[in-house]
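These notes concern the structure reproduced below.
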Amino acid sequence: MDENSIAEIRKGLEQQFRYKLYKDPKFPFLHSMGIRHMFQGFDAQEDGYIGTLHLWWSNESGEPSYHTKDKHFISGGWYAEWIDDALEAIKFAVECEKKHNPYAQKLTEAFVKEQERQSEKLARDMLDKKFKKDMKKVEEESKTVLWN
0 MDENSIAEIR KGLEQQFRYK LYKDPKFPFL HSMGIRHMFQ GFDAQEDGYI GTLHLWWSNE
60 SGEPSYHTKD KHFISGGWYA EWIDDALEAI KFAVECEKKH NPYAQKLTEA FVKEQERQSE
120 KLARDMLDKK FKKDMKKVEE ESKTVLWN
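Quick note on numbering that gives the first Met the number 0: the sequence shown kicks off at 0 and runs consecutively.
Here it is, written out as structure tokens:
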């Protein structure tokens with residue numbers, strides 16, 4: 000596939016992605032929630048890897064953005080670039096996450112800790128259930144046995 004075809008496909012994909020993103024009710028608030036970088040990979044079965052779209056928020060004026068019922072002022076914008084190599088895109092996404100989200104490691108650790116706690120609770124509950132079932136079976140057997 001030649002460069003012009005890829006550029007046209009990328010242009011269409013970016014337009015579709017942005018349209019879907021702009022229609023999302025949470026879109027106006029993404030940058031205020033700390034989501035300043037988005038990555039989306041595109042792959043076509045017949046054409047292969049198209050590329051990874053990187054969208055990032057940039058506030059040029061330094062003014063705070065706001066969105067109310069009557070007024071809408073966005074001081075920055077979402078800019079785009081295409082990354083040709085998938086591995087390079089992943090490395091860049093990880094780098095952005097480390098650089099712009101200092102709490103990512105703590106959030107991951109908290110998530111893993113909570114998952115371990117829930118797994119242990121589930122295992123304990125299953126063991127308790129099995130133990131009670133076995134004890135009930137032993138009690139029933141002891142009732143049928145005649146003790147002299």
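For glycine and all other residues, C-beta sits at the position ideal for the given N, C-alpha and C.
Bear in mind that the values here come from a model prediction, so they are computed numbers and not experimental data.
Query - Among Cys95, Lys105 and His53, the one whose alpha carbon lies nearest that of Tyr78 - result: The shortest C-alpha separation from Tyr78 is found at His53.
**Report entry** Neighbourhood of Ala92 by C-beta distance below 7 Å, restricted to the same chain and skipping five residues each side
**Finding:** Phe38
Requested in this report: Consult DSSP for Asn100 and reduce its assignment to one of helix, strand or coil.
Outcome: coil
Query raised in the report: Per DSSP, Asn58 forms a beta bridge with which residues?
Result: Gly75
Query raised in the report: The alpha helix (DSSP H) spanning Phe16 covers which residue range?
Result: Its alpha helix (DSSP H) spans residues Glu2 to Lys22.
Report task. Tell whether a beta-carbon distance below 8 Å holds between Ala43 and Ile34. Result -> no
Report task. With DSSP collapsed to three states, give me the class of Gln44. Result -> coil
Report task. For Ala85, count neighbouring Cβ atoms within 10 angstroms of its own Cβ and tell me buried if that reaches 16, exposed if not. Result -> exposed
Query raised in the report: What do you reckon, are the CB atoms on Gly40 and Ala6 nearer than 8 Å?
Result: no
Query raised in the report: What's the gap between the Cα of Ala122 and the Cα of His30?
Result: One C-alpha to the other measures close to 41 Å.
Report task. Using three-state DSSP, classify Leu52 as helix, strand or coil. Result -> strand
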